[in-house]
Amino acid sequence: MDDDFDSALVEPLLQFAHADPEPQVCLAALEAVTHFPLDRHQWQSVADAAWRVVQSEPAASPARRDALAFAARIPLRSLREHLRSRANDDAEPDRDIIAEALAVVADPSRIAPLVAGLASGHMENYRPLAAMPLEDSGVSAADLPAPGPQYGDDAHFWRALCLARLGDFAELGAVFASDDILPPLFWGAPWTAYAAVEAVRPVPDAMRDHLLAVLAQVDADEAAGRISNGVARALRLTAWAATGTADAEGGAMRPPHPPHPVSLPPEFDPPAKAAELAERQLQATAPGFDDAQVGWMIARESAGDYIPALLAVDRANLAPEARVRLIQLIGFAADAQTGRALSPYRGAGPAAGGGERPALIEDQHQAAAPPMGGLDEFRVAEEEGGGSGFESLDEGFDDRDAGCVVDLDGIGASVSRGGHVATGHVAAGQVTADATSLQEQPDAQDKRRVNALLLHDERSHHYFVAGATNTVRCWIGLPQAGIPTANATIPQLRLPPEGLELVVELCWIGKRDGQPDRHGNGPAGRLHLPAKRTARSEDCDLGINVPADIDRLEADIVFTFMGKVFEAVRVSAPVLPVGTTEDGLAAPSIEVQFGQREVIRLQERTPVSATLTFGPGYMQMFDGSGGKIFDLGNTTPLTTFLNEQLFLKEASLVRRRSQQGVQEGEALLDVDDPDVIELFGNLARHGAALYQKLRGQGFSDPGDRIQLINKDESRHVPLEFVYDRGFPKKGARFCSGWREALTGDGCRCPSCDATSTTAGGSWSETICPLGFWAIRKVIERFDSAHLQDLSLPAWRRRDLRPLDAALCASTDRVPAEERAALREALAQSVTAPTIAADWDEWERTLASKSPPLLILLAHHDLDAGLDYLEIGDKTLDEHRRWRYRPQLNEALINPAAIEPGPIVLLLGCMTATDVAETGYGSLASNFKDFHASLVLGTMAKVLGRHAGPLACELLAELAAVDTPDADFGSVLRRVRRRMLAHGFLMVLALVAMGDAEWHLPTRHPATH
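Position 721 of the sequence shown, counting from 1, maps to 722 under the working numbering, and the rest follow consecutively.
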């Protein structure tokens, strides 16, 4: 459906539903709301109001059962997951109605129970099963017994459709063998049969192809007398309805459209307005029109007029039944305006088909199976408040493979009592573009791509002209014949009405004989991307000087929004002399490198100063002034030093503090300790060497907020260890402002910045903690291969879940006293901590509770060349203690894909074994890919004895944050400083994967 309906017009109706104390009237109003296109926030408001009815009404009461049945039709994933859980919960008194309602909406969670019921003779189960993805659920024909003669021909028909989903079409042919066994479904009006059968859409490709082949043969078979007229009619209806290729009369399918006032024939066009029509209808003892026909008459007005007009008719002395009818008129009018209503002439069919099922909306909140207490824990409605005025959530979450449906019309049966409240629908196309599956709205897909021309002297070529200034002219728009275009469309998303302003930057790599030979910086430009999905952006011209002695040039072009990458492409073409003929020369290739569509979700984010990309071989920087490219050289000495010296010094300090009886976290950093001085001096020198390597290539400080995108999974640039406060002498001491620097939140050292410490290559007398980028800057990390479908912040969804529950597991290599200290710290900071003894218990807990904080103190090692994570006691079987890297998946992090995802602290210990990487950076990236919001890992080995205290201190610091609206990047920087001030040297190696714009929510104090 197009985006030209102002969904704010339904707000008075939503407010009415929230305010009315009569549950059936509230549900009627909510039902009417669902007949309009809604945005995600409005769906959440609908769910919130419905759930209040569930909470306020007695168990087994008609109103509560109606509300639960209605809730099953609300397309919010978190609510659906909650209902699935309750359907199997013996403590839920109305679980039968929930199970039935989920079956009505073809929720795949009901496949197993319905199939099991067939064995007990419940052949009525075939009807809902025909609408479910049996083909993807492990069901076989052997699981589908034939109904006995006592069950009637309709049961045989629905079973035949189930078998057809599995690729067995024989039974479908048998059902239509003769008039004698024709299912009774087809005896009545064609629209009734059509509405029942269309519920099975979408069907598997093989089933669709078979039905279309049968349809193509029907006319000839009917003309030849091989089938009767009745059978031919039934076959046509089945094929049309199941494939969606025609309506019940064989006419072209007309999809629903946004609500618009209608024009009617004279007999349905009285002079009365909506309020008067409603008053007459409610007072008439023998009305001349039914309510649906009056809905058509009301639909002559705009929704902005008739919704408040009809709400004004409501009054205290109206009976509840009359009030429900009044509100239902709004839904009837909406159906008339969207093309989904029955014709105003009684007995005629609908104006538009039902369409395929809309997707569940990824409402990105917290719990799949909340406590029975109510909606607060998994609350689908977010607090009211301001915002940028749009949501960018139309990225195409497609749940059709899971069989999720919210349209009841196709099933026909009602699981609820109360007329239209029970049988109304959330129609395909009725969810606005920010919620529905794009695959179900082909007209809504953004087919624009990055296009580019290579110009020299204003003439276009298929090559870069050697030894000359070339211009790369790029834009975003629909592909055009003869114009080089990218191999993929731009990220699918809904733009704000005013469009999007993007910064465009370029840098390049020149090759000779297939090998990189040199590289160069490039300019920056801007372009405006219009919101309309067919509109072209303006051109952006980027000029570069192409060397004469290379044979190929690869230009990396990055489009950024508020400093973060929206789209990155590589334009590649040969370098040839001017005048070279283009006969047989391929057009330049434009390959999409990576992109993150979600960056525009959060327009009020703090802009990043620069985006840096790393690998293979080079680091690129895009800071708005033009792309720059740098050779980092060999960073192996630094990472080797981290894993050897940092580990050894940390072990030495821990042993010494233990001998002194000082608990980890109680002491301050001993800046006079020779080991500490030596470690920080060496670390600063390595970091300064890296900084000077960059600085010699024209690198300048990119600012205090950096996005780092890693393109080389085999290497991780140690950006956090860059040191820019000079090159410390041997024996250099900590600066006098170190304590203030580590206990404050500023980026200036009271000592070093006051004396203007040089960042050059000269010797420095002091070591300043703020010289390390890990301590001074906010650095958010992503891997280019894992940029899509992540748990990311958005407008009105900035907060992480409150850290009021946690799941923790540890290897027994962490000393028992440290594990006990961690349990105590958890108990003090978290209301509901759980300690898992092994991986099996870890997975079970995640499946049932989905806590917002996961803490893994795992041992990382190798077995037969495969690395694994170990938790639990060494006496346990390996299958309970170990999970190999290929076994790491969503089940270990966020099995229900709850939003926001959890924070994961991956702080394990390692032996000296040469495992797959030096730290947990690569594993952190893997875990981030499993729908965690943030993953904290290390770039160096962690001492087993120190893993527990490190986790304790990190948890305590996170729990102590009380700054309103503190973004996680700033919080983590503060945590690093505080922990370093307490002597935790390993915090220098702490890295965070994920978006730094997440906010830590207000904490609820632990209660015991």
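The beta-carbon is built from N, C-alpha and C at its ideal position, and this holds for glycine as well. Computed from a predicted model, the values in this text were never measured in an experiment.
Of all alpha-carbon atoms in Thr876, Ala859, Glu502, Asp874, the one lying nearest the alpha-carbon of aspartate 868 is that of Ala859. For methionine 994, the uninterrupted beta strand (DSSP E) run begins and ends at 991 to 995, by DSSP. Shown here, asparagine 635 sits in coil according to DSSP, grouped into three states, outside any helix or strand. As for any alpha helix (DSSP H) of minimum length 4 sitting wholly inside the region 674 to 711, the runs are 675 to 696, ordered along the chain.
Counting along the chain, no alpha helix (DSSP H) covers histidine 860; the unbroken beta strand (DSSP E) around it starts and ends at 860 to 864. Taking a 10 Å sphere around the C-beta of alanine 20, we find fewer than 16 other C-beta atoms and assign the residue as exposed. Straight-line measurement puts the Cα of glycine 526 at about 26 Å from the Cα of aspartate 784. Sequence-distant partners of threonine 607 (beyond 5 residues in either direction) whose C-beta falls short of 7 Å from its own C-beta, in its chain, are Arg706, Asp968, Glu998. Straight across, the Cα-Cα distance linking valine 176 with serine 141 is about 20 Å. In the assembly as shown, glutamine 218 is an exposed residue. Its beta-carbon has fewer than 16 other beta-carbons within 10 Å. CA-to-CA, the gap between asparagine 546 and threonine 470 works out to about 4 Å.
Residue pairing by DSSP puts serine 765 in a beta bridge opposite Pro729.
Considering only Arg301, Leu283, Leu361, the residue with the shortest C-alpha distance to asparagine 318 is Leu283. Non-local beta-carbon contacts of serine 229 in its own chain, meaning distances under 6 Å to residues more than five positions away in sequence, involve Asp180 in chain order.
Every beta strand (DSSP E) stretch that sits fully inside the region 841 to 895 and reaches 3 residues is listed by chain position as 854 to 858, 860 to 864, 867 to 871, 883 to 885.
Contact between the region 235 to 249 and the region 184 to 198 is present: three or more C-beta pairs spanning the two stretches fall below 8 Å. Taking glycine 938 as reference, the option from Phe187, Ala147, Val204, His717 with the minimal CA-CA separation is His717. Distance from the Cα of alanine 957 is smallest, within the candidate group Val976, Pro719, Met940, Ser971, for Val976.
Of all alpha-carbon atoms in Val609, Pro134, Arg734, Pro184, the one lying nearest the alpha-carbon of aspartate 702 is that of Val609. DSSP lists Ile836, Ile856 as the beta-bridge partner residues of cysteine 809. For tyrosine 464, the secondary structure class from DSSP, reduced to helix, strand or coil, is coil. Of all alpha-carbon atoms in Arg324, Asp676, Gly745, Ser752, the one lying nearest the alpha-carbon of lysine 731 is that of Asp676. In the DSSP assignment, threonine 472 falls within the unbroken beta strand (DSSP E) covering 469 to 478. The beta carbons of glutamine 329 and aspartate 292 sit closer together than 8 Å.
The Cβ atoms of proline 260 and alanine 335 sit closer than 8 Å to each other. A distance below 8 Å between beta-carbons, with the five flanking residues on each side excluded, links glutamate 23 to the following residues of its chain, in chain order: Pro321, Arg324.
In this model, glutamate 819 and valine 54 are separated by some 48 Å (Cα to Cα). Taken in chain order, the unbroken stretches of alpha helix (DSSP H) that lie wholly in the region 280 to 363 and span 4 residues or more are 292 to 299, 304 to 314, 321 to 339.
Here glutamate 506 is bridged, per DSSP, to Ala525, Val559. Leu183 is the residue among Asp878, Leu183, Asp91, Val815 whose C-alpha sits nearest the C-alpha of glycine 231.
In this chain, the beta strand (DSSP E) harbouring threonine 612 covers 611 to 615. Of the residues Glu592, Gly544, Gly153, the one whose Cα lies closest to the Cα of threonine 490 is Glu592.
A straight-line Cα-Cα distance of about 11 Å links leucine 119 and alanine 143. A straight line joining the alpha-carbon of proline 114 with that of alanine 826 spans about 43 Å.
DSSP places leucine 935 inside the beta strand (DSSP E), whose first and last residues are 935 to 939.
Following the DSSP letters along the chain, one finds arginine 782 inside the beta strand (DSSP E) bounded by residues 779 to 784.
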